[in-house]
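A.B. asks:
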Amino acid sequence: MEQHEEITNMHGICGDIWKGFKIYIKASKVLLKKKNMLNRNQCTNLCKKIENVTKFFDHLMTCTNDKLEFGFLLSELFFILNKSYSLVKKCGKPNWFEEAIFQSNNKETFRELILDLKCCCDIASNMLLKHYPNKFEDIMFATFSIATCQEVEDDVIFKHERLIHVSKEEDFEYHALIKHLL
Numbered sequence: 007m008e009q010h011e012e013i014t015n016m017h018g019i020c021g022d023i024w025k026g027f028k029i030y031i032k033a034s035k036v037l038l039k040k041k042n043m044l045n046r047n048q049c050t051n052l053c054k055k056i057e058n059v060t061k062f063f064d065h066l067m068t069c070t071n072d073k074l075e076f077g078f079l080l081s082e083l084f085f086i087l088n089k090s091y092s093l094v095k096k097c098g099k100p101n102w103f104e105e106a107i108f109q110s111n112n113k114e115t116f117r118e119l120i121l122d123l124k125c126c127c128d129i130a131s132n133m134l135l136k137h138y139p140n141k142f143e144d145i146m147f148a149t150f151s152i153a154t155c156q157e158v159e160d161d162v163i164f165k166h167e168r169l170i171h172v173s174k175e176e177d178f179e180y181h182a183l184i185k186h187l188l
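Here is the structure:
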């Protein structure tokens, strides 16, 4: 997991952007398996969208014979993926109680990232339709629905229950912080 911590340039690992994308997706899936993850539903929803968009871009790259005609879109997608992974990673941190302060109203951040993914995919779709109309029919489009109100509410309830549970521990060093969050 540590090898996946930060990918800082557009080319990702070994100069291959697709390897970088795949590593981000694998690392996100590992994070989603954590037992006490904050905002699990929203993180899962975001990761599914990322996976669908990268499949679309994989098709796009296949249609263009990996010519990187859409390099600017790939760099934008990589930027969105980097922000998304950072958010998912924060939700899975062991010191979740510290992150809980920043994660309180993160549904807007999740929505923003999904809308950014949609915008990126829409531009790629338009370009693919314009330059390669015969290839456009081969792909299935991902839906970009945000997490439902119930999923967001479930995340909030889960966090609240965890805060209550931890607040009962007498020797917990962040006791005052937990009480404040409740």
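For the sequence shown, the positions run 7 to 188 when my numbering is used.
Backbone N, C-alpha and C fix where the C-beta goes; we use that ideal spot for every residue, glycine too.
Here's the rule I'm using: 16 or more other beta-carbon atoms within 10 Å means buried, otherwise exposed. How should LEU121 be labelled?
C.D. replies: By the neighbour-count rule (16 or more Cβ atoms within 10 Å), LEU121 is not buried but exposed.
A.B. asks: Using a Cβ-based criterion (distance less than 7 Å to any ligand heavy atom), does ALA33 qualify as near the ligand NAD?
C.D. replies: Looking for the ligand NAD in the displayed structure turns up nothing, as the structure carries no ligands at all.
A.B. asks: Within 10 angstroms of the Cβ of VAL94, are there 16 or more other Cβ atoms? Answer buried if so, exposed if not.
C.D. replies: Per the 10 Å Cβ criterion, buried.
A.B. asks: Between which two residues does the alpha helix (DSSP H) carrying MET67 extend?
C.D. replies: 46-69 is the extent of the alpha helix (DSSP H) around MET67.
A.B. asks: Could you give the distance in angstroms between the alpha-carbon of PRO139 and the alpha-carbon of LEU87?
C.D. replies: Rounded to whole angstroms, PRO139 to LEU87 spans 27 Å at the Cα level.
A.B. asks: The alpha helix (DSSP H) spanning LYS96 covers which residue range?
C.D. replies: Run containing LYS96: 77-97, per the alpha helix (DSSP H) assignment.
A.B. asks: Could you tell me whether the Cβ atoms of ILE55 and LEU123 are closer together than 8 Å?
C.D. replies: The sequence shown places Lys at residue 55, not Ile. Yes, they are a contact pair.
A.B. asks: Between CYS126 and VAL36, how many whole angstroms is the CB-CB distance? I'm expecting something under 8 Å.
C.D. replies: With a Cβ gap of about 24 Å, CYS126 and VAL36 do not count as contacting.
A.B. asks: If you compare alpha carbons, which of PHE85, GLU157, ARG168, HIS65 is closest to TYR30?
C.D. replies: Closest option to TYR30, Cα to Cα, is PHE85.
A.B. asks: Using only the alpha-carbon positions, how far apart do SER131 and LEU79 sit?
C.D. replies: Between SER131 and LEU79, the C-alpha separation is close to 11 Å.
A.B. asks: What do you get for GLY77, buried or exposed, if any count of 16 or more other CB atoms within 10 angstroms of its CB means buried?
C.D. replies: Under this definition GLY77 is an exposed residue.
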